[in-house]
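**Q** Residue numbers (our numbering): 2 to 156.
No residue lacks a Cβ here, since even glycine has one placed at the ideal position from N, Cα and C.
Because the structure is a prediction, the values reported are computed rather than measured.
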């Protein structure tokens, strides 16, 4: 007589972006020397994105182009830039607490790509802090916090 049963197992503590292999093993309860192995399968765990905040360019008295590089590690994700007037990051070190302006970055793929967005409507002669942010199904990652100062306006 042939018995079939579903087998499942929940795993924790796996490392993102890693290939794992698995195989079932059946042991006959009446004769433990009768062992059978199933086919070998594999899966790859999802890794969070890798985010780099680049230097702002095209800085004027009221705007700047923010740039970054986002690698989604093979997964579709979103990207944005957080712009703040303060470098205060009391709650989570390395993460801007308040974004007075969030700029979406258009991303088309699942691999490493350049992203950029224009921060506009800024005050002249003001220092702003910004960072690139990206989210995929494995989590959210933050680039380093950088700053730029808008130019002085016309007198």
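What does the Cβ neighbour count give for residue 129, buried or exposed, with the cut at 16 atoms within 10 Å?
**A** buried
**Q** Distance check for residue 138 and residue 15, CA to CA, integer angstroms please.
**A** Using only the alpha carbons, I get a separation of about 15 Å.
**Q** Under a Cβ-count criterion, where at least 16 other Cβ atoms within 10 Å of its own Cβ denotes burial, should residue 142 be classed as buried or exposed?
**A** With 16 or more other Cβ atoms within 10 Å, it is buried.
**Q** Looking only at its own chain, which residues have a Cβ that is under 6 Å from the Cβ of residue 1, when we skip the five neighbours before and after it?
**A** Here the chain has residues from 2 to 156 only, and residue 1 is not among them.
**Q** Under a three-way DSSP split, which group does residue 102 fall into?
**A** strand
**Q** By the DSSP assignment, the beta strand (DSSP E) with residue 20 in it spans what residues?
**A** In the DSSP assignment, residue 20 falls within the beta strand (DSSP E) that extends over 20-23.
**Q** Measure the C-alpha to C-alpha separation of residue 32 and residue 38 and round it to an integer number of angstroms.
**A** 15 Å
**Q** For residue 67 and residue 144, what's the separation of their Cα atoms in angstroms?
**A** Residue 67 and residue 144 have their C-alpha atoms spaced approximately 12 Å apart.
**Q** On the three-state DSSP scale, how would you describe residue 137?
**A** strand
**Q** Put residue 32 into one of helix, strand or coil per three-state DSSP.
**A** In this structure, residue 32 counts as coil in the three-state DSSP scheme.
**Q** Let's see if you can read the secondary structure: which residues bound the beta strand (DSSP E) around residue 203?
**A** Outside the shown range of the chain (2 to 156) lies residue 203, about which nothing can therefore be said.
**Q** Take residue 29 as the anchor and find which of 54, 5, 81 has the nearest alpha-carbon.
**A** 5
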